[in-house]
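Take the position in the sequence shown, starting the count at 1, then add 75; the result is the number in my numbering.
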Amino acid sequence: MIPFNKPVHLGTELSAMAEAILKNGHVAGGGPFGKRCEAMLEKMLELRTLLVTSCTHALEMAALLLEVGPGDEFIVPSYTFVSTANAFVLRGAKPVFADVDAHGNLDLAHVERLLGPRTKAVLVVHYAGNSCDMEALLKLCGQVPVVEDAAQALSASFDGRPLGTFGVCSAFSFHETKNIGCGEGGALTLKDPNLVDRAEYLRDKGTNRRKFQSGLVDKYTWVDVGSSYVLSDLNAAYLSTQLEALARIQHRRREIYSAYEAALAEPVERMGGYLIQGSARNTGNQHLFAIVLRQPEHRAQYIAHMRKHDIIAPFHYVALHQSPMGQRFHDGSRLPNSERLTTNLVRLPLFFNMTDAERDEVIGRTLEFLRAL
Ligand SMILES: Cc1ncc(COP(=O)(O)O)c(C=O)c1O
């Protein structure tokens, strides 16, 4: 069986976790490994970065930091994971769904039509580690804050600048399906230094514990609303090994991705489909390899064909405006690209520990399917 994903396994994760338990004696949040991960992320992104329990929680913190509430609207792509919308819906705000382009990133012309006096924030999702024109988006939004859902975008960039450094804040994911992970985990980057203190309170149950630990205040007390969003140092230990090996992990993903691209781009196009790709201004991170087939039936046939050969090739995202929850907010208008990706897109297995034989089997079975189409 070739699964769609296997969590990255380097072989060094367990000794780092043992070090957290046996040497450091610190497995709760805010320990030495958490600090090490934050330092590595801050070096990459050149922005204050807080390690948190998931990307979903980083997005919830963003909604709290922007003081989103009932009566507010926020613009969000319809073709995304539920958390992008849910984090703001939890605060009582109304999602306004924007369409995406053919490659799954925000359609800026649509965003322009949707911006209005109630728009409290614009959420941009970097689908597949690619992005829309971030410079144009920021210009279009003016004073309206842009929040980046960079769950899929660690080490990807636009015009040479890392994704996750454009918006007022950005959320990354370290879920096991991401390029690097620790089971469940995430990070929040903060562009506005004025948000940092508050973000630390929110993360730590509404307390100023971080300041207390750093000796900046002499009492540790309740200073704001908050929740429990700190990543345990056990998870941070696991994550630190993968952050340190990021270049090696990316190198292997690129090898697999390039082999897929070289073998499949032309045959897919000949059958009326295309590969999900970034623009010339993006440097992608090979987060996922996805094909958009000409017809929904082709996708169902492809998934069945791969399944028959013990290969798992899934699709994802039901456009949010068509979901039972999304329909409660949506005005019923069509969002053609989101709808098309919902029915026609399929993803191929792509993970660090994939063998060359597994990669070649996926390519061979895909070519077999395309030839018979
Ligand atoms: C675009 C996007 N946003 C948010 C998330 C949620 O990430 P997490 O599982 O870390 O909460 C995901 C996870 O798959 C995602 O792909």
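Heads up, the beta-carbon is just placed ideally off N, CA and C, and yes, glycines get one too.
Just so it is clear, the structure is predicted and the values come from calculations on it, not from any experiment.
Distance CB(residue i)-CB(residue j) smaller than 9 Å
i: G261; j: A133; result: yes
i: F163; j: V151; result: yes
i: T264; j: S289; result: no
i: L318; j: L116; result: yes
i: T194; j: V219; result: yes
i: A311; j: G86; result: no
i: S354; j: S206; result: yes
i: G242; j: K266; result: yes
i: P145; j: G401; result: no
i: A203; j: Y349; result: no
i: I378; j: L420; result: no
i: E436; j: H380; result: no
i: E294; j: D272; result: A small correction: the amino acid at residue 294 is Lys; Glu does not occupy that position in the sequence shown. Against a cut-off of 9 Å, the Cβ pair of D272 and K294 comes out as no contact.
i: R422; j: A337; result: no
N- and C-terminal bounds of the beta strand (DSSP E) containing residue i
i: G261; result: G261 to L265
i: S248; result: C244 to S248
i: I366; result: A365 to V367
i: R403; result: First-last for R403: undefined, no H or E at that position.
i: K195; result: T194 to V200
i: R166; result: No beta strand (DSSP E) holds R166; DSSP gives it neither H nor E.
i: V221; result: V221 to D224
i: R449; result: Residue coverage of the chain in this structure runs from 76 to 448, which leaves residue 449 outside it and unanswerable.
Per-residue DSSP class, three states only, for residue i
i: S333; result: helix
i: Y154; result: coil
i: D293; result: coil
i: S413; result: helix
i: V175; result: strand
i: I237; result: Per the sequence presented here, residue 237 reads as Pro, with Ile not at that position. In the structure shown, P237 sits in a strand (DSSP, three-state: E or B).
i: S307; result: strand
i: L350; result: strand
i: G104; result: strand
i: F149; result: strand
Reference residue i; option with closest CA among the options
i: E341; options: T441, L277 and F287; result: T441
i: L321; options: R278, H373, D267 and S230; result: S230
i: P399; options: V157, G242, R446 and A211; result: V157
i: M136; options: Q325, R328 and L277; result: L277
i: G347; options: Q325, R374 and Q361; result: R374
i: E88; options: L215, L238, T155 and G256; result: G256
i: A334; options: N161, E113, T430 and H405; result: T430
i: A226; options: G359, E187, V200 and R166; result: V200
i: K404; options: V143, L97, F172 and R123; result: Checking the sequence shown, residue 404 turns out to be Phe, not Lys. If we check each option's Cα against that of F404, F172 comes out closest.
Cβ separation of residue i and residue j, assumed to be a contact under 8 Å, to the nearest whole Å
i: L306; j: G109; result: 6 Å
i: G301; j: T282; result: 7 Å
i: V83; j: F427; result: 5 Å
i: S408; j: S153; result: Not really, about 10 Å apart at Cβ, beyond 8 Å.
i: P389; j: F79; result: 5 Å
Enclosing alpha helix (DSSP H) for residue i [first to last residue]
i: T124; result: Where T124 is concerned, there is no enclosing alpha helix (DSSP H), although the beta strand (DSSP E) it sits in stretches over R123 to V127.
i: R188; result: L183 to L189
i: D385; result: From DSSP, D385 is part of no alpha helix (DSSP H); its letter is neither H nor E.
i: D279; result: Run containing D279: none; DSSP gives neither H nor E here.
Closer than 9 Å to chain B by CB, residue i
i: S354; result: Annotation note: the requested chain B is absent from the structure, which comprises a single protein chain.
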